Amino acid sequence: MECNGFPYLTAILLSCVTGLFAILLVPEENRRAVKWISAVFSGLTLAFAVAVFVLYDTGRGGLQFIERAAWVPSLGIHYLNAVDGFSLPMVLLTGIVFFTGVLTMWELEHRVKEFFAFYFLLVTGVFGLFMSMDLFFIFIWYDVSLFPMYPLIAIWGSTRKEYGAMKLTLYLLAGSALILPAIIFLHVQAGGSTYDITALMRPGTFSADDQKLAFLLLYIGFGILAAVWPFHTWSPVGHVAAPTAVSMVHAGVLMKIGAFGVLRVGMFLCPEGWQFWAPLMATVAVVGIVYGALVALSQTDLKYVVGYSSVSHMGIVGLGLSTLTVEGLNGAVFQMFAHGIMTALFFSAIGYIYERTHTKMIPELGGLSRIMPVASGYFILAALTAVGVPCLASFWGELMVFIAAFRVYPLGGVFAVTGLVLSALFLLRVVQRAFYGPANEKFAHLKDVSFGLGLPRMILAAVIVLFGLLPSILFDVIDTASVAFIRGLP
Amino acid sequence: MAVPFGYVLALAGIVVALGMVCAVARRNLIMILLGVEVMLNGAAIAFTGAALRWQQLEGQTFVLFIIAVAAAEVSLGLALIVYLYHRTGSLDPQDYQVLK
Amino acid sequence: MTAAATTDATLIAALLATKLPFIAFAVILVLTRSRPRLSAGLSLAAVTASLGGAAFLLVRHWGLGRPIEYAAQWVAGGDVSVRVGILLDPLSLLMLAIVAAICFLVQIYSLGYMAGDPGFSRYYAFMSLFAWAMTNLTLAATLLQLYIFWELVGLASYLLIGFWYEKFSASEAGKKAFVMTRCGDVAFFLGLLLILVHLGNLDIRELNGPAAGRLSPAVVTAAALLIFGGIVGKSAQFPLLTWLPDAMEGPTPVSALLHSATMVAAGVYLFARLFPFFGRSPAALDVCLAVGTVSMLIASTMAMVSRDIKQVWAYSTISQLGLMIMGLAAGGYAAGVFHLTTHAAFKALLFLCSGVFIHAFHSNDMFVIGRQGGRRLRVPAACLVIAAAALSGIWPFSGFFSKELVLGALADLPNPLWVAAGLLGAFLTTYYTFRLIFILFFPAPRGLEVIHSQGAEHSHPGGYAVMAWPLMVLAAVTVVLGFGEHAIVQFLSRPFGPAPAAAHHAWLPYAAIGLGAAAVWLAWFEFGRRGAAQIGFVERVAPLHALFSERWYIDRVYRWLLDHVLYRVFSRLCAGSDRKVIDGAVDGLGQATASAGGIMSILHTGMVQYRLIVVFVAIVGLAIYFFV
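Chains as they are written, first to last, in my numbering: chain W, 2 to 491; chain U, 6 to 105; chain D, 90 to 717.
Given below as structure tokens:
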């Protein structure tokens with residue numbers, strides 16, 4: 002394998018896989034060992050991800066940490082990993098959500114070994130997709146990250162878990178059924194010799210009509226995963242049904258795979274197709290923003306509210322991607338990161354509450370701020386982030402996207418901005434009903450979150466505040482890629 | 006030919022159709038076999054007429070083959086039906102849906 | 090863009106004034122929540138530093154001609170670079186001093202008022218958050234930076250209004266405040282985007298300067314109106330005014346700080362900040378003038394029938410903000426800003442005094458307090474009367490001078506309607522103010538239930554002293570500030586060059602004094618004199634009374650919109666479409682596949698004759714195909 006320096010990216014993948022095998026070797030009864038091994042290996046993965054983030058040279062930009070090995074040379078498939086300004090935040094995001102997800106499930110007692118095994122497999126697939134620059138591998142990783150979702154939700158989930166698991170898996174497989182023909186089509190149209198994105202990216206490889214067709218297929222296929230309206234209904238159901246850590250990964254990372262796929266595969270390979278379909282993307286995105294918020298207004302289950310809020314925020318990402326500008330791309334990628342962390346915090350906080358109170362229904366909760374102020378505080382912080390309060394991470398992504406959207410699609414921008422009011426309305430309503438108010442006697446005996454259990458939430462909250470106050474850490478990285486990308490467009 | 010070939014074919018077709026209907030629409034295994042027999046006879050009629058039409062004796066030879074084969078097949082089929090009847094006590098095809 | 094620094098001392102003072110409260114907020118929230126005294130100490134230290142910095146800057150740069158600006162880059166991406174900066178000019182220096190002073194006094198007052206509250210640390214954390222956000226808003230150099238801190242101030246307001254979150258009404262009020270101001274903020278944001286797209290940057294000095302001439306008049310008007318939308322939200326003008334009375338659910342010091350003196354004044358401050366920019370669009374100014382007038386009059390009517398002390402002052406705040414906006418929209422820059430200054434002092438004083446009464450008698454109702462002998466608390470009573478006199482524009486208190494300035498600016502307008510409205514507003518203001526004073530201090534003899542002094546003495550003597558000291562400081566300011574009018578007006582107007590000689594309306598002070606006297610007499614007649622029925626002339630007219638006490642049914646309209654339009658129509662529509670249409674399609678697809686499978690499986694019944702049929706049909710088909 003050719004690689005300059007230490008192969009960090011493969012190290013990330015290997016630490017996931019090694020962790021997986023280590024878990025499988027531990028006997029089922031020894032739950033503590035399983036959890037500690039998971040924590041150690043996920044921490045290791047996070048360390049590598051942070052190292053990659055820090056060591057990335059923003060002055061040079063472009064693809065770095067390239068690792069290349071031939072896999073099936075006769076078919077043109079290569080094991081090719083690299084990160085650029087777009088995928089680097091995603092890798093960091095996955096590392097953070099992975100680690101905090103493992104810590105969040107510390108109290109799991111039911112079939113622990115299998116849970117963490119599937120979980121590690123899931124995250125391996127996600128990491129692989131973000132890092133891979135080979136179309137075929139992207140598809141493989143997509144499916145690798147998809148299939149563990151089914152047992153994870155169906156076995157350890159809650160509300161309507163079988164229905165949710167089945168719906169999610171089938172819907173996402175349908176998405177992949179659209180992606181695979183598109184990938185093969187592109188491969189064949191380019192001469193049928195390689196799946197390498199960097200090679201296929203060269204302008205002139207595909208005709209404009211080919212690009213339009215391929216981009217549409219890719220947009221719908223990946224868009225299903227990104228909860229693009231109207232293909233979003235698997236997402237809230239899946240969120241609700243899944244156990245906490247799986248919801249964190251699902252909403253925090255998996256949905257970003259969708260948007261990232263549109264970016265990496267669709268936009269990189271079919272720029273003319275992208276420009277052609279951009280107005281449609283923008284329309285659908287704006288509808289998603291407003292629609293998601295409106296539906297969230299009438300939900301009574303905490304997780305459903307967060308699920309529809311996710312649909313709304315992914316609409317902002319989609320809007321950013323459709324503006325064809327540097328600010329739009331910056332905002333979209335930043336929002337992907339910020340929303341991922343924010344949603345992870347949401348679900349982590351809800352997870353703690355659900356463990357204690359055994360209910361997620363808002364009418365049954367109430368006055369939790371008095372009983373468990375710190376745990377409630379995490380949820381409220383996440384809610385404020387979702388509302389778009391400045392100096393919390395999500396604000397910057399939204400700001401950039403709205404600026405770009407207003408430039409390119411003024412009317413759409415106006416509608417999207419009204420989403421700010423709607424999100425304030427439904428989120429504050431939830432906070433008020435579930436957390437404020439007189440303490441509910443049923444829950445008066447519950448204890449607040451301890452330091453150890455609160456650690457994952459603390460990490461997530463700290464990340465939100467850090468990137469809210471110093472967004473340039475992320476923007477500098479993203480900028481290297483987005484500026485180069487937009488300039489290189491035909 | 007005294008009788009036009011078309012009429013012979015028509016007769017053969019009717020006999021085959023009758024045989025098809027009998028094979029499909031009767032609720033009795035033996036009748037299915039009978040239907041098949043009738044279809045074979047229809048085929049024999051067609052062959053005979055064809056032999057006369059084209060003045061080739063191979064047609065009539067083939068009819069002898071058909072008769073022999075039909076006899077063998079019927080005896081085999083009836084043996085199977087008798088065995089099935091001993092096993093399940095029914096001659097109704099509805100009762101033989103194990104391969105659903 | 091970065092102007093040369095005069096000396097580093099200015100920059101350091103400005104940074105201290107604006108950044109230290111954030112550190113206090115962070116430390117309190119994370120570390121010292123279980124140590125209330127330490128939290129209060131941290132917060133007070135930070136705000137004292139702010140006050141010191143503000144005073145230093147004000148004194149040092151009293152003779153400031155050209156503004157000083159420092160700038161740095163916060164975020165950059167593509168064409169958009171978010172700069173942060175500190176802009177020091179007379180307006181921002183004055184506002185910073187006001188904000189820091191009132192924050193300081195209110196935080197000291199809160200030591201007594203909030204003593205013993207379980208959320209003491211949290212209170213001071215949020216107070217520091219507010220101080221940080223407000224001071225940065227004041228010194229913001231770009232519109233985007235101002236917007237960011239504008240939102241943060243709204244966040245602090247939400248957290249502080251709903252501070253006693255176990256009360257449903259409090260959390261409801263906090264939510265209402267946030268959502269309503271959000272509506273205004275959306276308009277502000279859109280205006281901001283409009284300017285950004287057309288002008289390329291959001292620098293305040295550029296907006297106020299000649300560069301803004303590049304924008305077409307339509308864009309300027311649209312942007313000005315949109316930004317004014319934000320002002321309407323933040324300063325609780327018509328039609329977004331109903332959140333402010335509800336915000337009185339928060340602790341009284343919060344009402345004093347945020348919802349009278351500083352946060353709601355941020356809207357007026359923004360107007361003054363962009364005064365030259367707004368001046369480019371006469372159409373927008375007309376709209377602002379109209380909105381300010383309507384708000385002023387409507388709020389005054391609502392105050393005339395209210396029983397709750399804090400509500401009266403809340404309506405009064407809306408009304409006075411409307412007056413300030415009228416002044417600014419009429420071109421009276423110094424008038425509007427000077428009134429903002431004096432209003433901050435006497436309105437905060439009004440709230441703080443009322444807070445002492447509320448704390449002592451555990452009731453907001455002025456009739457109840459009056460009957461229980463509110464008169465007995467001497468210092469608050471005296472300060473309350475001083476502040477009320479200032480609010481009514483009685484000489485020699487500060488309010489008289491600032492109101493005269495504003496009315497003078499209104500009189501300069503060609504249409505006499507505006508000054509008439511201003512005078513009417515002054516009349517009503519005096520009337521409802523003295524209504525409250527008389528009810529409070531001259532209660533009707535019937536029902537003079539002298540509840541035992543346990544009510545009055547319940548306030549801890551120590552706490553009372555702590556609360557009394559800020560009252561006296563503010564009262565002194567109220568008395569003296571009016572005489573500094575000339576100096577302050579000169580200070581403010583210096584960047585605009587020599588002021589044109591204002592037309593001298595000799596009749597105006599006499600008209601104002603006459604109306605004021607008439608209003609006091611009317612109030613005394615109805616409420617103050619012995620044997621008065623204590624029913625206002627408005628309350629005798631039942632439909633008017635209903636209209637005013639129902640806040641002109643504005644709340645009903647909003648509730649109706651929210652419930653019937655938003656929830657029942659849109660939300661239900663979308664949720665229903667999600668469940669039935671989209672999910673219906675998806676689930677239907679699944680069902681259809683399953684059903685098709687079910688149908689197809691019929692072909693695979695074990696019955697041999699069905700298979701025979703298939704065979705025969707196939708044969709016949711093939712035969713036809715090949716031979717026909």
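We put the beta carbon where it would ideally sit given N, CA and C, even for glycine. A quick note: this is a predicted structure, and the numbers were derived from the prediction, not measured.
Residue i, enclosing alpha helix (DSSP H) - first and last residue
i: L81(W); result: Run containing L81(W): none in the alpha helix (DSSP H); it sits in the beta strand (DSSP E), I78 to V84.
i: F66(W); result: Here F66(W) belongs to no alpha helix (DSSP H); instead the beta strand (DSSP E) covers Q65 to V73.
i: R161(W); result: Counting along the chain, R161(W) falls outside any alpha helix (DSSP H), and DSSP gives it neither H nor E.
i: L517(D); result: P505 to F530
i: G710(D); result: V697 to F716
i: L16(U); result: F10 to A30
i: R430(W); result: P411 to F436
i: T11(W); result: Y9 to L26
i: F580(D); result: E574 to S582
i: A286(W); result: P272 to L298
Other residues of its chain near residue i: CB distance less than 7 Å, five sequence neighbours each side excluded
i: S542(D); result: With a pLDDT of only 40 at S542(D), under 50, the local geometry of the prediction cannot be trusted, and the value read off the model is given with reservation. There are no such residues.
i: V242(D); result: F219, A222, M223, L226, M352 and A355
i: A245(D); result: F215, L218, F219 and A222
i: L118(D); result: A214
i: A600(D); result: L512
i: T19(W); result: F42
Per-residue burial, residue i [other beta carbons within 10 Å of its own, 16 or more giving buried]
i: M689(D); result: exposed
i: I184(W); result: buried
i: S384(D); result: buried
i: P177(D); result: Reading off the sequence shown, one finds Leu at residue 177(D), where the question assumed Pro. The residue in question, L177(D), is buried, as its Cβ has 16 or more Cβ neighbours within 10 Å.
i: T234(W); result: buried
i: L475(W); result: buried
i: M6(U); result: exposed
i: G316(W); result: buried
i: M2(W); result: exposed
i: K44(D); result: No answer is possible for residue 44(D): the residues shown for chain D start at 90 and end at 717.
i: W275(W); result: buried
Same chain, Cβ closer than 6 Å to residue i, neighbours up to 5 away in sequence not counted
i: G356(D); result: I320, K323 and S324
i: I37(U); result: A28
CB-CB length for residue i against residue j, believed under 8 Å
i: L281(D); j: L581(D); result: About 25 Å separates the two Cβ atoms, so there is no contact after all.
i: W402(D); j: F440(D); result: 6 Å
i: A339(W); j: S377(W); result: So it is not a contact: roughly 22 Å between Cβ atoms.
i: L320(W); j: A417(W); result: 6 Å
i: A728(D); j: G497(D); result: What the structure shows of chain D is the stretch from 90 to 717, and residue 728(D) is not part of that stretch, so it cannot be assessed.
i: M337(W); j: A260(W); result: 6 Å
Same chain only: Cβ atoms within 8 Å of residue i, ignoring 5 sequence neighbours per side
i: A48(U); result: A17, V21 and I71
i: V703(D); result: L692
Cross-chain neighbours of residue i in chain B, by beta carbon under 7 Å
i: R124(D); result: In the structure shown, chain B does not exist; the protein chains are W, U and D.
Endpoints, the beta strand (DSSP E) within which residue i is located
i: I175(D); result: V169 to L177
Inset, instruction - Taking a Cβ distance cut-off of 8 Å, strictly less, list which residues of the region 692-703 of chain D are near chain U, in chain order. - result: H693, T694, G695, M696, V697, Q698, L701 and I702
Legend entry - Interface positions of the region 316-339 of chain W facing chain D (Cβ-Cβ less than 9 Å), listed along the chain: T326, V327, E328, G329, L330, N331, G332 and F335
Legend entry - Members of the region 13-33 of chain U that neighbour chain D once the beta carbon cut-off is set at 7 Å: M25, A28 and V29
Inset, instruction - Check each residue of the region 273-302 of chain W: if its Cβ is closer than 7 Å to any Cβ of chain D, include it; give the result in chain order. - result: Y292, L295, V296, L298 and S299
Legend entry - Chain-ordered residues of the region 229-252 of chain D with a beta carbon less than 7 Å from chain W: I237, E240, L241, L244 and G251
Inset, instruction - Name, going along the chain, the residues of the region 274-297 of chain D whose beta-carbon falls closer than 8 Å to a beta-carbon of chain W. - result: D274, V275, F278, L279, L282, L283, L285 and V286
Legend entry - chain D contacts made by the region 71-92 of chain U, where a contact means CB separation under 7 Å: none
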